[in-house]
Amino acid sequence: MIIKHLKTATPSAVSSVIPDCCNIGVIYRVLLATNSAVFCAIWIQSSDTPSAVVKFFNSAMLLETISILSLLMLCGIRKVALVQLFPLWVQRGLCGLIPGSIASALAIFIDAQQWFENDFAHISAWQLFVLSGFFGLIYQQHFELRARAFSPALGEAKLQALQARIRPHFLFNSINAVLSLIRTEPLRAETALEDLADLFRVLMRDTRDMSTLYDEVRLCRQYLSIEKIRLGERLKVEWEITNFSEKNVKEAQIASLLLQPLIENAVHHGVEPSEKLALITIKLNRSSERIYIVIENPYHGKHETKGNQMALDNIRERLSLLYDVEADFDAAVVGDQFQVKLSFPYQKNSGGEHQRNPNVERRSIKRHDDATI
Numbered sequence: 003m004i005i006k007h008l009k010t011a012t013p014s015a016v017s018s019v020i021p022d023c024c025n026i027g028v029i030y031r032v033l034l035a036t037n038s039a040v041f042c043a044i045w046i047q048s049s050d051t052p053s054a055v056v057k058f059f060n061s062a063m064l065l066e067t068i069s070i071l072s073l074l075m076l077c078g079i080r081k082v083a084l085v086q087l088f089p090l091w092v093q094r095g096l097c098g099l100i101p102g103s104i105a106s107a108l109a110i111f112i113d114a115q116q117w118f119e120n121d122f123a124h125i126s127a128w129q130l131f132v133l134s135g136f137f138g139l140i141y142q143q144h145f146e147l148r149a150r151a152f153s154p155a156l157g158e159a160k161l162q163a164l165q166a167r168i169r170p171h172f173l174f175n176s177i178n179a180v181l182s183l184i185r186t187e188p189l190r191a192e193t194a195l196e197d198l199a200d201l202f203r204v205l206m207r208d209t210r211d212m213s214t215l216y217d218e219v220r221l222c223r224q225y226l227s228i229e230k231i232r233l234g235e236r237l238k239v240e241w242e243i244t245n246f247s248e249k250n251v252k253e254a255q256i257a258s259l260l261l262q263p264l265i266e267n268a269v270h271h272g273v274e275p276s277e278k279l280a281l282i283t284i285k286l287n288r289s290s291e292r293i294y295i296v297i298e299n300p301y302h303g304k305h306e307t308k309g310n311q312m313a314l315d316n317i318r319e320r321l322s323l324l325y326d327v328e329a330d331f332d333a334a335v336v337g338d339q340f341q342v343k344l345s346f347p348y349q350k351n352s353g354g355e356h357q358r359n360p361n362v363e364r365r366s367i368k369r370h371d372d373a374t375i
C-alpha cells in the first residue's frame, strides 16, 4: 500500500490565530466559560443563595452582551478576510482590544455599573476594559492551542481514512478488470486506466486542502466507473443533486475526499456481498445554507465487519475536527437499507478550484443512473 506522508501544520504556517467566532461551537464554549467563571466568583463571595442568584443574572446580562458583541465583530473580521492584513501579534491583540473596548463603552454610555450590586458596584470602565481584554486574550490562547493540538489529530484521522480507503485488493481487481478489456474493448480500457490514474492522483494528494463539490462528485463517478467494470450489472447507482445550480456545485466547499470513502464503503458492504442487482442511491441537497448528503445501499447484516464501522468513525472524526458542532453525522439501518446521513454548513470555496484534467471533464452534474457513469 502506498501512502503519502501527511505534513503537519507548523506555527509559522498558521495564517490566522483569531478564533472562528462564526462557529456555533466557539460561541457556545465562550458563553459557557464566561457564565461559569461569573457564577463561581459570585458564589464564593455571596453569603446567601438568593443574593448570589440576583448578582449572577445581573452580571451575566452585561458579560454576555460584551461576549456576543465581541464574537460578532471578530466574526465579521474573519468573514471579510481582513485578518490576512494583520500579522499574528496584531490578531492576538485584537482579541483583547475588541472585548475591552466594547466593555468600557458599555460601562460609560449605558452606566453599566448599576447592573452590579454591593461588591461589584466599584468596578470602573477602565477596570472592565482590563478584565474583558484579559478574558479575550485567554480565550484566544485557548482556541489557538486547541487548533494546534488538533492539527496532529486531524492528520492522523486523514491518514486512517487513507488506510481504510486504499485497499490493496481494489487496485489488483481493478487492474485485472482493465486487462480483461484490453483486447475486446480497448477504448473502454483506456478510459478506465485514465480514471484509475486520476483517482490515485487525488488519493495521494495532501487531503488538508478543501475541495469543491464538483470535484468530489467527479472523483466519485470515476471511482464508480472503475467498480462498474469489475462488478458489472450488479452495481447500479442513482444520483439526486437538488437545489444546486451549476455555479453552486463548482463553488460549494467540501472536505477533500469526504464522499469517496463513504461510497466505497457502500460498494464494499452493500454490492459485493450481493448476488443480484444492488442499488446505491446518493442524494445531495442544499437547504438553509447547509449541505445534506444521504447515501443508501443494501444492508447485509451477516457481512458487516469492523472495517465498516472504522470507515464511518473516520469520517465522523474528520467532520467533527473540521466543522465542530456544526456538522451532523448519522448511520443507521432503515428496513433493508443501510443509510448514512451527514450535513455541514454551505461555504464557498475561497481557495479556487483544484486543477482539473480536461480528459475527465466529460461527466455532467445531473441526476443519472449507472448508464452514464
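For the sequence shown, this note's numbering gives the first residue as 3, with consecutive numbering after it.
In this text, a Cβ means the ideal position worked out from N, Cα and C, and glycines have one as well.
Computed from a prediction, not measured in an experiment: that's the story for all the values here.
Three or more C-beta pairs under 8 Å: does that hold for the region 62-81 against the region 24-37?
yes
Taking the straight line between their C-alpha atoms, what separation do you get for Ala54 and Met63?
Taking the sequence shown and counting its residues from 1, the one referred to as residue 54 is at position 52. Taking the sequence shown and counting its residues from 1, the one referred to as residue 63 is at position 61. When rounded, the distance between both Cα atoms is 14 Å.
Helix or strand or just coil, what does DSSP make of Leu279?
Within the sequence shown, numbered from 1, the residue matching residue 279 stands at position 277. Reduced to three states, the DSSP call for Leu279 is coil.
Using a threshold of 8 Å, state whether the C-beta atoms of Gln93 and Ile20 are closer than that.
As a working mapping, residue 93 is identified with position 91 in the sequence shown. As a working mapping, residue 20 is identified with position 18 in the sequence shown. A contact, by the Cβ cut-off of 8 Å.
In chain order, what are the residue ranges of uninterrupted alpha helix (DSSP H) at least 4 long that sit wholly in the region 8-61?
26-47
Residue from Leu344, Ala39, Phe145, Met75 with nearest C-alpha to Ile256:
Translated into the one-based positions of the sequence shown, residue 256 becomes position 254. Nearest option by C-alpha distance: Leu344.
Check whether the Cβ atoms of Gly78 and Gly102 sit closer than 8 Å, and answer yes or no.
Counted from its first residue, the sequence shown places residue 78 at position 76. Counted from its first residue, the sequence shown places residue 102 at position 100. Cβ distance not < 8 Å, so Gly78 and Gly102 don't count as in contact.
Using the three-state DSSP reduction, which class does Asn351 fall into: helix, strand or coil?
For the purposes of this step, residue 351 is taken as the residue at position 349 of the sequence shown. Note: Asn351 maps to coil in three-state DSSP.
Per-residue DSSP class, three states only, for Tyr216:
Counting from one through the sequence shown, the residue named residue 216 turns up at place 214. Helix at Tyr216.
Beta-carbon within less than 6 Å of Ser49's beta-carbon, same chain only, minus the 5 sequence neighbours each way: which residues are those?
Counting from one through the sequence shown, the residue named residue 49 turns up at place 47. Nothing meets the Cβ criterion.
Would you mind giving the Cβ-Cβ distance between Arg232 and Lys278, rounded to the nearest angstrom? I have them listed as a contact below 8 Å.
The count along the sequence shown starts at 1 and reaches residue 232 at position 230. The count along the sequence shown starts at 1 and reaches residue 278 at position 276. Arg232 to Lys278, Cβ: 16 Å. No contact.
At the level of alpha carbons, what is the spacing between Asn361 and Leu198?
Along the sequence shown, read from residue 1 onward, the residue named residue 361 stands at position 359. Along the sequence shown, read from residue 1 onward, the residue named residue 198 stands at position 196. Because the pLDDT at Asn361 is just 39, under 50, the model does not fix this residue reliably, and the value given afterwards should be weighed accordingly. Each residue's alpha carbon lies about 12 Å from the other.
Check whether the Cβ atoms of Tyr301 and Phe340 sit closer than 8 Å, and answer yes or no.
Stepping through the sequence shown from its first residue, residue 301 is reached at position 299. Stepping through the sequence shown from its first residue, residue 340 is reached at position 338. A contact, by the Cβ cut-off of 8 Å.
Do you know whose CA, among Ala39, Leu133, Tyr216, Gln142, lies nearest Gly95's CA?
Your numbering for residue 95 matches position 93 in the sequence shown. For the residues Ala39, Leu133, Tyr216, Gln142, the minimum Cα distance to Gly95 belongs to Gln142.
When DSSP labels each residue in this structure, what does Glu274 get in the three-state scheme?
On the sequence shown, position 272 is the one that residue 274 refers to. Three-state DSSP puts Glu274 in coil, outside helix and strand.
Inter-residue Cα distance where the pair is Thr193 and Pro89
Here residue 193 corresponds to residue number 191 of the sequence shown, with the count starting at 1. Here residue 89 corresponds to residue number 87 of the sequence shown, with the count starting at 1. Rounded to the nearest angstrom, the two C-alpha atoms are 48 Å apart.
Assuming Asn250 and Arg190 are in contact, meaning their beta carbons sit under 8 Å apart, how far apart are those beta carbons, in whole angstroms?
Reading the sequence shown from its first residue, position 248 is the one you call residue 250. Reading the sequence shown from its first residue, position 188 is the one you call residue 190. With a Cβ gap of about 32 Å, Asn250 and Arg190 do not count as contacting.
Applying the 10 Å Cβ sphere with the 16-neighbour rule, what's the burial state of Asn299?
Residue 299 sits at position 297 when you count from the first residue of the sequence shown. Answer is buried; the Cβ neighbour count reaches 16.
Ordered along the chain, which non-local residues of its own chain (more than five positions away) have a Cβ less than 6 Å from that of Cys23?
Translated into the one-based positions of the sequence shown, residue 23 becomes position 21. Excluding sequence neighbours, Cys23 sits near Leu73, Leu76, Cys77.
DSSP three-state assignment for Leu259, whether helix, strand or coil
Translated into the one-based positions of the sequence shown, residue 259 becomes position 257. Coil at Leu259, not helix or strand.
Residues of its chain near Leu321, where Cβ-Cβ distance is below 7 Å and the 5 sequence neighbours each way are ignored:
Here the question's residue 321 lines up with position 319 in the sequence shown. Answer for Leu321: Ala329, Phe331, Leu344, Phe346, listed in chain order.
Going by alpha carbons, who is nearest to Ile104 out of Val82, Lys81, Trp91, Gly135?
Here residue 104 is taken as the residue at index 102 of the sequence shown, counted from 1. Nearest of Val82, Lys81, Trp91, Gly135 to Ile104, Cα basis: Gly135.
Classify Phe42: buried if its beta carbon has 16 or more other beta carbons within 10 angstroms, exposed otherwise.
What you label residue 42 is simply residue 40 of the sequence shown in a count that begins at 1. In the sequence as presented, Phe is not what sits at residue 42; that position holds Cys. Under this definition Cys42 is an exposed residue.
Mapping the DSSP letters down to three states, classify Arg232 as helix, strand or coil.
Here the question's residue 232 lines up with position 230 in the sequence shown. Reduced to three states, the DSSP call for Arg232 is helix.
Hey, Ala254 and Ile293 are a contact pair by Cβ (cut 8 Å); roughly how many whole angstroms apart?
Position 252 of the sequence shown, counted from the first residue, corresponds to residue 254. Position 291 of the sequence shown, counted from the first residue, corresponds to residue 293. Contact holds; Cβ gap of about 6 Å.
How would you write the range of the beta strand (DSSP E) that Arg94 sits in, first residue to last?
Working through the sequence shown from its first residue, we reach residue 94 at position 92. Element bounds for Arg94: not the beta strand (DSSP E) but the alpha helix (DSSP H), 90-111.
Which residue or residues does DSSP assign as beta-bridge partners of Ile297?
Taking the first residue of the sequence shown as position 1, residue 297 is located at position 295. Ile297 pairs with Ile284, Val342.
Taking its Cβ as the centre, do 16 or more other Cβ atoms sit within 10 Å of Ser106, making it buried, or is it exposed?
Position 104 of the sequence shown holds residue 106. When all chains shown are included, Ser106 counts as buried.
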